[in-house]
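*Asks:* Note that our numbering has the sequence shown beginning at 185, numbered continuously upward.
Sharing a structure, written as C-alpha cells. Questions coming.
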Amino acid sequence: MTEDIAEYDATAGCFLRSRPVENTVLITVVESLRARGSASYGNAPAAMGAWLSTGCVAGAFVHTPPFPLLLSAMSEKAATELADTLAGEGRRLRGVTGRRELAESFAERWRAATGSDFTIWERRRLYRLEEVCVPDTPGRARLAGPADRDLLLGWYHDAEREIRERPGDHGAAVDDRIAYGGLTLWERDGVPVALAGRTRMVAGMVRIAPVYTPPEHRRHGYGAAATAAVGRDVVDAGAQDVVVFADLANPGINAIHRRIGFQPLDDYLVISFGTSRHGG
185 MTEDIAEYDA
195 TAGCFLRSRP
205 VENTVLITVV
215 ESLRARGSAS
225 YGNAPAAMGA
235 WLSTGCVAGA
245 FVHTPPFPLL
255 LSAMSEKAAT
265 ELADTLAGEG
275 RRLRGVTGRR
285 ELAESFAERW
295 RAATGSDFTI
305 WERRRLYRLE
315 EVCVPDTPGR
325 ARLAGPADRD
335 LLLGWYHDAE
345 REIRERPGDH
355 GAAVDDRIAY
365 GGLTLWERDG
375 VPVALAGRTR
385 MVAGMVRIAP
395 VYTPPEHRRH
405 GYGAAATAAV
415 GRDVVDAGAQ
425 DVVVFADLAN
435 PGINAIHRRI
445 GFQPLDDYLV
455 ISFGTSRHGG
C-alpha cells in the first residue's frame with residue numbers, strides 16, 4: 185500500500201494496463217492523479233495498493249476520498265483480505281465500486297469487520313464500442329474550450345444534483361478536461377444542448393464520461409449524438425477500446441448505447457456504507 189503514484193505504477197501499472205477494459209476506472213483515475221496530483225479528487229491524498237500472489241500482482245485498488253473505494257479485477261480472497269486490512273487500519277470508507285461479485289464480497293466482509301451495513305446505490309453495466317453508428321441528429325459536435333467553462337461547471341453541478349450526490353468543486357477537473365480535449369459539446373443552431381466527455385487514452389482504452397443533456401433539451405437524441413461523435417473521434421485517434429457505463433435503472437440509456445454501437449460486457453455495483461464502529 186502506498187500514497188506514491190510512481191511507486192504504485194511501478195508495482196501495479198502493468199497489471200492494470202494488461203486488462204484496460206476491466207480496469208477502466210482505476211487506470212483512468214490513476215492517469216488523472218498523475219496529471220493533477222494525488223489529492224485531485226479531494227482534500228485527502230489517494231491511497232493505493234496491490235495484492236500479490238506467488239510474487240505477481242493479481243489485484244489492485246485505488247481510494248480517492250471522499251469517493252468509494254475502486255476495485256480492480258481480483259479474486260474473492262484478495263477482496264476480502266483487502267477489507268480486513270483496511271478495517272484493521274481504521275480507514276473510513278463511504279462505499280466500494282467493482283464488478284458485481286467482488287463488490288458484494290468486499291461489502292460483506294467490511295460489514296463483518298466494522299459493523300457497517302451497506303446498500304446498493306447503483307447497478308451499472310459496462311459497454312464496449314463495436315462499430316460506431318452516428319445517428320442522424322440535427323446539429324454538430326465541437327470540442328469545448330475555455331469560453332465554455334461556466335456552462336460546463338453549471339452542467340456538472342446539475343448532473344450531480346440529479347443523481348442525489350452533493351455537488352462538489354469541479355473547476356480543476358473541467359479545466360483539465362478542456363486542456364486535453366476531453367469534453368465535447370453537441371450544438372443545435374449554435375446553442376450547446378448536450379455534453380459527452382472522455383478520459384485520457386490509457387493502454388489504447390478510452391472511457392466516455394460524463395454524458396449529460398439538460399432537461400429542456402432531452403428526448404431529441406442530442407446526448408446519443410454527442411456520445412457517438414466522441415466514440416468516432418477517439419477511434420479515429422487510435423483507441424482500440426472505447427467503453428461507457430450505463431445505470432441499469434435507466435433502460436432508455438442502455439437501449440441508446442446499443443443503438444449507437446455499444447455491446448454489453450459486465451455488470452458493476454456501486455455500494456454505499458452506513459455508519460460503522462469506526463465512525464465512518
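All C-beta atoms, glycine included, are put in the ideal place defined by N, C-alpha and C.
Bear in mind that the values here come from a model prediction, so they are computed numbers and not experimental data.
When you compare only the Cα positions, how much space is there between Ala296 and Glu273?
*Replies:* Going from the Cα of Ala296 to the Cα of Glu273 covers about 15 Å.
*Asks:* Can you name the residues that DSSP bridges to Pro204?
*Replies:* Paired residues: none, contrary to the question.
*Asks:* One question on the structure: do Thr281 and Val454 come within less than 8 Å of each other, judged by their Cβ atoms?
*Replies:* Yes, they are a contact pair.
*Asks:* Return helix, strand or coil for Tyr311, following the three-state DSSP convention.
*Replies:* Tyr311 falls in the strand class under three-state DSSP.
*Asks:* Arg467 by DSSP, collapsed to three states: which one?
*Replies:* The chain is shown only over 185 to 464; residue 467 falls outside these bounds and no answer can be derived.
*Asks:* Give me the Cα-Cα distance between Arg416 and Asp268, rounded to the nearest whole angstrom.
*Replies:* Distance between the alpha carbons of Arg416 and Asp268 is about 43 Å.
*Asks:* Span of the beta strand (DSSP E) holding Pro142?
*Replies:* Outside the modelled stretch of the chain, which goes from 185 to 464, sits residue 142, for which no answer is possible.
*Asks:* Could you tell me the boundaries of the beta strand (DSSP E) in which Gly458 lies?
*Replies:* Gly458 -> no beta strand (DSSP E), and no H or E assigned at all.
*Asks:* Answer with buried or exposed for Gly405, where buried requires no fewer than 16 other C-beta atoms within 10 angstroms of its C-beta.
*Replies:* Under this definition Gly405 is a buried residue.
*Asks:* Among the residues of its own chain, which have a CB less than 6 Å from the CB of Ala378, if the five just before and after it don't count?
*Replies:* Counting only Cβ-Cβ distances below 6 Å, and skipping sequence neighbours, we find Trp370, Thr397, Tyr406, Gly407, Ala410.
*Asks:* Can you find the residues in the same chain that come closer than 7 Å, C-beta to C-beta, to Ala356, ignoring five residues on each side of it along the sequence?
*Replies:* If we look at Ala356 and ignore the five residues flanking it on each side, its Cβ neighbours are Arg220, Ser224.
*Asks:* Using C-beta distances below 8 Å, list every residue in its chain close to Leu327, excluding the 5 sequence neighbours before and after it, in chain order.
*Replies:* Hits under 8 Å: Gly365, Leu367, Thr368, Leu369.
*Asks:* Consult DSSP for Phe245 and reduce its assignment to one of helix, strand or coil.
*Replies:* If DSSP states are grouped into helix, strand and coil, Phe245 belongs with the strands.
*Asks:* Could you tell me which of Phe429, Val213, Leu236, Ala433 sits nearest to Ile189, measuring between CA atoms?
*Replies:* For Ile189, the nearest C-alpha among the options comes from Val213.
*Asks:* Which residues bound the beta strand (DSSP E) around Val426?
*Replies:* First-last of the beta strand (DSSP E) with Val426: 425-431.
*Asks:* Between Val418 and Val426, what straight-line distance do the alpha-carbon atoms span, to the nearest angstrom?
*Replies:* Rounded to the nearest angstrom, the two C-alpha atoms are 8 Å apart.
*Asks:* Measuring CB to CB, does Ala430 end up less than 8 Å from Arg308?
*Replies:* Yes, the Cβ-Cβ distance between Ala430 and Arg308 is below 8 Å.
*Asks:* Output the distance between the C-alpha atoms of Gly381 and Ser256, rounded to the nearest integer angstrom.
*Replies:* Going from the Cα of Gly381 to the Cα of Ser256 covers about 22 Å.
*Asks:* Grab me the residues of Leu310's own chain with a C-beta within less than 7 Å of its C-beta, minus the 5 sequence neighbours each way, in chain order.
*Replies:* Result list for Leu310: Val427, Phe429, Leu449, Asp450, Tyr452, in chain order.
*Asks:* What residues are listed by DSSP as bridge partners for Cys240?
*Replies:* According to DSSP, which records beta bridges pairwise, Cys240 is partnered with Ser237.
*Asks:* If we count the other Cβ atoms within 10 Å of its Cβ and call it buried at 16 or more, is Asp353 buried or exposed?
*Replies:* By the 10 Å Cβ count, Asp353 comes out exposed.
*Asks:* Check the Cβ-Cβ distances between Ala430 and every residue of chain D, and say whether any is below 8 Å.
*Replies:* No chain D is part of this structure, which consists of one protein chain only.
*Asks:* Where does Gly221 sit, in a helix, a strand or coil, going by DSSP?
*Replies:* Note: Gly221 maps to coil in three-state DSSP.
*Asks:* Hey, could you find the ends of the alpha helix (DSSP H) Leu266 is sitting in?
*Replies:* Counting along the chain, the alpha helix (DSSP H) containing Leu266 begins and ends at 260-272.
*Asks:* When the Cα atoms are used, what is the spatial distance from Met185 to Ala325?
*Replies:* Roughly 42 Å separates the two Cα atoms.
*Asks:* What residues match up with Leu367 in a beta bridge as DSSP calls it?
*Replies:* Per DSSP, Gly381.
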